[in-house]
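Just below is one structure, and these are the notes that go with it.
Residue numbers (my numbering), protein chains in the order written: chain A, 740 to 1022; chain B, 740 to 1022.
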């Protein structure tokens, strides 16, 4: 496995790979790997001849009051895990390589970028869009694997690839969960044992929401959202609930009726960790 | 010469070209070729193994009150000229190929994107940045040739390539002029013979500005700008003067003193044509 820190090195290596007619799989990450990341890498290794992982904690997607400084970083351990699952190339640039000078260009999002996380984390999705655009431009033609835990991010990244004609085919992958339902997240390590136990409420609420939609003919967009919200705020370890909603899975807008391809999404703060989760249901 | 209308075709052809170790030169255009465009193509042909020209009138860079509808289009003649100068591939997509669905992502510009054209043509440079980002993502690794007539555009495109790590090396090329100094422009064909004669005032004013800077030790940023503006507004065919200024050639901000790498830029409306021009001077 090769670990590269420069854009030019990565471009050069991938040009060789492509010219030898190998397909490229790509997993963009911020490191601090858990089984969720590893499942993306394993899928990429299985579906492509050559797999690249980028490992870069992107300051653009954190607001000043968020956890950029304390976000877990452990490159040596991360690289070892990459090697174990069969990754071919890790791109782990320094901030100066990615941001050599103050930027003139930034991304603006409309529509599905303005709701939910767009509302509760202003600038977050724009920061994600900028770094993913850069990374896609560096990696080039590839299949790019993203977890569905960040459902809205996945929707924004699909739009980004389409809108800017970036040469990546975006592949969404199932959420990996603990046996009790908690979605894996690098931020779960911020939780105390008590918070960790209570954090499953997000998934429980979403499953309850899906149950209502599927089984209760009286359920409405509003009643499902309210039922999920009640469950979450009743949990002692939850500091604040940002949202617990049912939306159209593509537009992320509330549907007029409970029909079609729906996504239930929730975001809440548990201790100092802001956690998100989502589930899909098709009617 | 190949004329392609689909993104996938262009990507496929260029992948082959690169794998045969040929270098790619790229000239992005909106068609309606004059000697300025042809000089970019000739330079690309001379400096690269394979030259691509894109020909696409980008609606994003026109505001509703501008000349998108009547902007000159003549693809058959354009292709003939490309072939004559040795272009290998023309990419002439339909609007639906470039904009298949409403965009979620748009570009925002700060700093050098906010002044001059950024002020007088709101949204114009953002529209240029979006289409150039897309085109660079489609064409991939290349030398990309831009005329210096759109000096600010060239500065924005350089920033774009840097900020989004797009794989294009941006090359600025000298302005091509008529014998009487008028910068070539597809919009010159909107001019009546009388307007055409008077339109040289932009270049005359800029040359007068450079003369003052070089020869007059009393000259200031303000006095040079005023002298150029006076000349331009005194010309009968000039409808409105947008600006006639001296700025730092990189930041496009007024320098505190007349020193360093300076750029003199002017924009004015002559009849229904909005014309721009610029000159550089180093002290």
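Glycine is no exception: its CB is placed at the ideal position from the N, C-alpha and C atoms.
Taking all protein chains shown into account, do 16 or more other C-beta atoms lie within 10 angstroms of the C-beta of residue i, making it buried, or fewer, making it exposed?
{"i": "residue 785 (chain A)", "result": "exposed"}
{"i": "residue 802 (chain A)", "result": "exposed"}
{"i": "residue 952 (chain B)", "result": "buried"}
{"i": "residue 955 (chain B)", "result": "exposed"}
{"i": "residue 770 (chain A)", "result": "buried"}
{"i": "residue 834 (chain A)", "result": "exposed"}
{"i": "residue 864 (chain B)", "result": "buried"}
{"i": "residue 888 (chain B)", "result": "buried"}
{"i": "residue 992 (chain B)", "result": "exposed"}
{"i": "residue 841 (chain A)", "result": "exposed"}
{"i": "residue 869 (chain B)", "result": "buried"}
{"i": "residue 934 (chain B)", "result": "buried"}
{"i": "residue 813 (chain A)", "result": "exposed"}
{"i": "residue 998 (chain A)", "result": "exposed"}
{"i": "residue 995 (chain A)", "result": "exposed"}
{"i": "residue 989 (chain A)", "result": "exposed"}
{"i": "residue 913 (chain B)", "result": "exposed"}
{"i": "residue 815 (chain B)", "result": "exposed"}
{"i": "residue 873 (chain A)", "result": "buried"}
{"i": "residue 957 (chain B)", "result": "exposed"}
{"i": "residue 969 (chain A)", "result": "exposed"}
Using a Cβ-Cβ cut-off of 9 angstroms, state whether residue i counts as contacting chain B.
{"i": "residue 1000 (chain A)", "result": "no"}
{"i": "residue 789 (chain A)", "result": "no"}
{"i": "residue 869 (chain A)", "result": "yes"}
{"i": "residue 873 (chain A)", "result": "yes"}
{"i": "residue 951 (chain A)", "result": "no"}
{"i": "residue 1031 (chain A)", "result": "Chain A is shown only over 740 to 1022; residue 1031 (chain A) falls outside these bounds and no answer can be derived."}
{"i": "residue 901 (chain A)", "result": "yes"}
{"i": "residue 1020 (chain A)", "result": "no"}
{"i": "residue 905 (chain A)", "result": "yes"}
{"i": "residue 802 (chain A)", "result": "no"}
{"i": "residue 898 (chain A)", "result": "yes"}
{"i": "residue 1029 (chain A)", "result": "Given that chain A is displayed from residue 740 to residue 1022, the structure contains no residue 1029 (chain A) and the question cannot be resolved."}
From the options, pick the residue whose C-alpha is nearest to that of residue i; which is it?
{"i": "residue 901 (chain A)", "options": "B:740, B:746, B:741 and B:742", "result": "B:746"}
{"i": "residue 965 (chain A)", "options": "A:977, A:953 and A:948", "result": "A:948"}
{"i": "residue 977 (chain A)", "options": "A:874, A:938 and A:797", "result": "A:938"}
{"i": "residue 764 (chain B)", "options": "B:807, B:1012, B:782 and B:982", "result": "B:782"}
{"i": "residue 1012 (chain A)", "options": "A:757, A:756, A:772 and A:807", "result": "A:807"}
{"i": "residue 805 (chain A)", "options": "A:854, A:861, A:822 and A:962", "result": "A:861"}
{"i": "residue 919 (chain B)", "options": "B:946, B:912, B:989 and B:810", "result": "B:946"}
{"i": "residue 1000 (chain B)", "options": "B:1018, B:1008, B:1006 and B:1009", "result": "B:1018"}
{"i": "residue 809 (chain B)", "options": "B:961, B:936 and B:929", "result": "B:929"}
{"i": "residue 742 (chain A)", "options": "A:821, A:756, A:768 and A:830", "result": "A:830"}
{"i": "residue 961 (chain B)", "options": "B:975, B:924 and B:986", "result": "B:986"}
{"i": "residue 1040 (chain A)", "options": "A:959, A:925 and A:973", "result": "Here chain A has residues from 740 to 1022 only, and residue 1040 (chain A) is not among them."}
{"i": "residue 924 (chain B)", "options": "B:979, B:886, B:905 and B:907", "result": "B:886"}
{"i": "residue 1020 (chain A)", "options": "A:950, A:777, A:959 and A:968", "result": "A:950"}
{"i": "residue 1006 (chain A)", "options": "A:846, A:891, A:777 and A:780", "result": "A:891"}
{"i": "residue 980 (chain A)", "options": "A:959, A:963, A:1009 and A:1002", "result": "A:1009"}
Kindly indicate if chain A contains any beta-carbon less than 9 angstroms away from that of residue i.
{"i": "residue 891 (chain B)", "result": "no"}
{"i": "residue 879 (chain B)", "result": "yes"}
{"i": "residue 847 (chain B)", "result": "yes"}
{"i": "residue 851 (chain B)", "result": "yes"}
{"i": "residue 895 (chain B)", "result": "yes"}
{"i": "residue 828 (chain B)", "result": "no"}
{"i": "residue 841 (chain B)", "result": "yes"}
{"i": "residue 758 (chain B)", "result": "yes"}
{"i": "residue 837 (chain B)", "result": "yes"}
{"i": "residue 860 (chain B)", "result": "no"}
{"i": "residue 754 (chain B)", "result": "yes"}
{"i": "residue 778 (chain B)", "result": "no"}
{"i": "residue 750 (chain B)", "result": "yes"}
{"i": "residue 876 (chain B)", "result": "yes"}
{"i": "residue 798 (chain B)", "result": "no"}
Answer yes or no: do residue i and residue j have a C-beta to C-beta separation smaller than 9 angstroms?
{"i": "residue 852 (chain A)", "j": "residue 898 (chain A)", "result": "yes"}
{"i": "residue 876 (chain A)", "j": "residue 754 (chain B)", "result": "no"}
{"i": "residue 1004 (chain A)", "j": "residue 984 (chain A)", "result": "yes"}
{"i": "residue 775 (chain A)", "j": "residue 915 (chain A)", "result": "yes"}
{"i": "residue 867 (chain A)", "j": "residue 895 (chain A)", "result": "yes"}
{"i": "residue 762 (chain B)", "j": "residue 787 (chain B)", "result": "yes"}
{"i": "residue 756 (chain B)", "j": "residue 792 (chain B)", "result": "no"}
{"i": "residue 881 (chain A)", "j": "residue 758 (chain B)", "result": "no"}
{"i": "residue 967 (chain A)", "j": "residue 828 (chain A)", "result": "no"}
Can residue i be considered in contact with the ligand MN, in the sense that its beta carbon sits closer than 8 angstroms to one or more heavy atoms?
{"i": "residue 908 (chain A)", "result": "Here there are no bound small molecules, and the ligand MN is not part of this structure."}
*With a floor of 3 residues, list each beta strand (DSSP E) that falls wholly inside the stretch 860 to 890 of chain A, ordered by position along the chain.*
881 to 886
*What runs of the alpha helix (DSSP H), each 4 residues or longer, lie entirely inside the stretch 755 to 843 of chain B?*
774 to 786, 814 to 824 and 834 to 837
*alpha helix (DSSP H) segments (min. 4 residues) lying fully within the stretch 932 to 1001 of chain A*: 932 to 937, 940 to 954 and 960 to 972
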